[in-house]
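For the record, the sequence lines run as chains A and B. Everything in the first sequence is counted per the working numbering, starting at 18 for the first residue and increasing by one. Everything in the second sequence is counted per the working numbering, starting at 18 for the first residue and increasing by one. We put the beta carbon where it would ideally sit given N, CA and C, even for glycine.
There are 2 protein chains.
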Amino acid sequence: MAIPRAAKTQRRTRIQEEKEELILEAALDVFSVNGFRGSTIDEIAEAAGMSKPNLLYYFRTKEAIHRHLIDRVLTTWLEPLRAFDAEGSPESEIRSYIRRKLEMARDFPRESRLFANEVLQGAPHIEDELKGPLKQLVDEKAEVIRGWARSGKIAKCDPYHLIFSIWSTTQHYADFDVQVRAVLGQDMSGEGRFDDAARFLEQIFMDGLKIRS
Amino acid sequence: MAIPRAAKTQRRTRIQEEKEELILEAALDVFSVNGFRGSTIDEIAEAAGMSKPNLLYYFRTKEAIHRHLIDRVLTTWLEPLRAFDAEGSPESEIRSYIRRKLEMARDFPRESRLFANEVLQGAPHIEDELKGPLKQLVDEKAEVIRGWARSGKIAKCDPYHLIFSIWSTTQHYADFDVQVRAVLGQDMSGEGRFDDAARFLEQIFMDGLKIRS
DNA sequence: CGATAATTTGACCGGTTGGTAAAACCTTAC
DNA sequence: GTAAGGTTTTACCAACCGGTCAAATTATCG
């Protein structure tokens with residue numbers, strides 16, 4: 018008798034590990050483009066190179082796959098913000114935060130789009146995480162920024178909207194990639210636009226925050 | 018014999034005008050949340066308070082409704098950028114561009130999300146518009162900005178990425194509304210956050226571009 | 001009014017959806 | 001080898017999908 022999804026043995030077999038990873042990879046492709054409702058299990062199964070019932074042997078429902086992906090993204094996604102260090106200098110911290118977020122937009126655009134799709138559609142699966150852990154983390158870092166402003170290290174500004182603006186400008190290059198490419202033309206379809214973006218964003222934020230380098 | 022969709026009379030009847038508007042309104046609600054593939058005709062029909070065949074009497078296909086909405090949004094959406102005037106001062110032009118885009122995010126969040134969903138999902142229905150009219154318009158305005166930079170009115174910067182950053186920061190308040198609200202907490206769930214955002218963005222862009230006010 | 005055209009409805013269609021059942025097929029450990 | 005458990009497949013289901021059709025209903029206008 019087959020009791021799936023490692024219910025019995027606790028320890029997952031080699032095949033389980035491989036196939037689950039395969040499925041998640043395929044699901045990331047599909048979900049990040051079509052969103053949860055717009056994606057089908059058949060599509061994911063085909064992308065993963067297996068039959069639908071076989072896929073459903075590893076993940077009981079479509080939601081389970083999505084949930085798994087979202088959870089994974091949520092943790093890695095906030096890593097750069099977590100690394101934001103109160104002890105560091107405003108210049109290096111903000112500059113490297115921008116750079117890291119931009120690198121993630123370049124290297125993990127699917128993850129960015131998965132998240133964007135979810136939030137755009139009202140965040141039905143992650144509202145609690147947004148109001149809980151995310152808000153808490155942002156509150157904490159906002160306080161750091163506010164401290165820098167109070168001590169005159171950076172210009173006075175609303176720390177929350179500063180964080181929002183860094184999020185939006187950097188993620189834009191992943192989420193609106195098609196538009197960015199269309200506007201820049203095919204000459205800039207290489208990865209050069211990320212370097213240009215980094216230069217621009219660092220300049221505008223540094224000067225905008227009156228940080229002398 | 019009923020030849021629908023104003024094929025015969027050219028002049029649309031009162032009922033046609035009303036119902037079509039009703040459908041588009043309902044469809045905007047649905048499409049802007051779920052994207053094209055994630056939305057169903059049944060859902061739109063119910064939201065519009067009519068039966069599915071009745072809805073399909075006014076719009077032959079699901080795509081026709083979506084197409085209609087996208088077309089409408091595309092024209093009104095770029096209005097602020099079109100208004101960008103080469104003769105005006107950099108300060109007033111950029112400042113009012115930011116303000117107008119932010120007002121649109123506040124007043125027409127569904128339109129913003131419809132567009133975001135479309136682009137996020139690879140812009141399958143509007144790729145031509147992006148590469149054609151949109152690129153052309155941006156190219157034109159980028160040249161204006163480049164001129165300002167050359168003549169020393171604003172700091173030297175990449176005009177394309179400047180436009181991208183204004184788009185992303187302002188639309189963020191519509192597209193990621195749920196996240197913004199979650200992070201700011203319910204105290205800021207009123208419309209005050211838009212004023213704060215306007216203050217922040219005008220500050221950062223003005224100082225970032227070294228524009229003396 | 002009556003007639004003509006515009007609108008609305010219910011029944012329906014083939015294909016797809018998320019998901020299940022059970023049997024067949026492999027792997028692994030003894 | 002063989003038996004137990006892990007994996008895959010085939011066949012299937014009810015609900016839903018986008019869309020059609022013809023008949024019924026309603027609005028318009030002379």
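DSSP places H83 (chain A) inside the alpha helix (DSSP H), whose first and last residues are 79 to 94. By the criterion of a C-beta distance shorter than 8 Å, K158 (chain A) is surrounded in its chain by L98, F101, P176, I180, once the five residues flanking it on both sides are discounted.
In this structure, the beta-carbon distance from I228 (chain B) to E110 (chain B) does not fall below 8 Å. Using a CB distance cut-off of 8 Å, I61 (chain A) does not count as an interface residue toward chain B.
Contact of I162 (chain A) with chain B by beta-carbon distance below 7 Å is absent, the smallest such distance being about 12 Å.
Cβ-Cβ separation between F125 (chain B) and L86 (chain B): approximately 12 Å, too far for a contact (criterion under 8 Å).
Residue state for K158 (chain B) is assigned as helix, using DSSP reduced to three classes.
By alpha-carbon distance to L201 (chain A), the top candidate from B:E63, B:R216, B:L39, B:Q153 is B:Q153. Distances from the CA of V197 (chain B) to each of A:A214, A:T93, A:L91, A:E144 were compared; the closest alpha carbon is that of A:E144. The continuous alpha helix (DSSP H) containing T187 (chain B) extends over residues 176 to 192. Around the beta carbon of E219 (chain B), 16 or more other beta carbons sit within 10 angstroms, so the residue counts as buried.
For L41 (chain A), the closest C-alpha among the options A:I82, A:R54, A:C174 is that of A:I82. At a C-beta separation below 8 Å, R117 (chain B) has no neighbours in chain A, since its nearest C-beta there lies roughly 17 Å away. Look at the beta carbons and you see the segment 180 to 195 of chain A touching the segment 206 to 218 of chain A: at least three pairs across the two are nearer than 8 Å. Excluding sequence positions up to five before and after A43 (chain B), its CB lies within less than 6 Å of the CB of I61, A64, A65, all in the same chain and listed in chain order.
In the three-state reduction of the DSSP assignment, M223 (chain B) falls in the helix class, which pools H, G and I. Note that the C-beta distance between L137 (chain B) and R130 (chain A) is below 8 Å. Runs of the alpha helix (DSSP H) spanning 4 or more residues and lying entirely within the segment 119 to 173 of chain A occur at 126 to 137, 152 to 167, in chain order. Taking 8 Å as the upper bound for CB-CB distance, D46 (chain B) and A133 (chain B) are not in contact here, some 15 Å apart. Contacts between G202 (chain B) and chain A, judged by CB atoms closer than 9 Å, involve K148, K152, D156 in chain order. Take L147 (chain B), set aside five residues on each side of it, and the residues of its chain with a beta-carbon closer than 7 Å to its own are A140, in chain order.
I32 (chain A) sits exposed, since fewer than 16 C-beta atoms from the chains shown fall within 10 Å of its C-beta.
Residue-level contact by beta carbon holds for F222 (chain B) and chain A, with a gap shorter than 8 Å.
Nearest C-alpha to Y75 (chain A) among A:T30, A:S56, A:G225, A:T57: A:T30.
Interface flag for H142 (chain B) against chain A is unset, since no Cβ pair is found closer than 8 Å.
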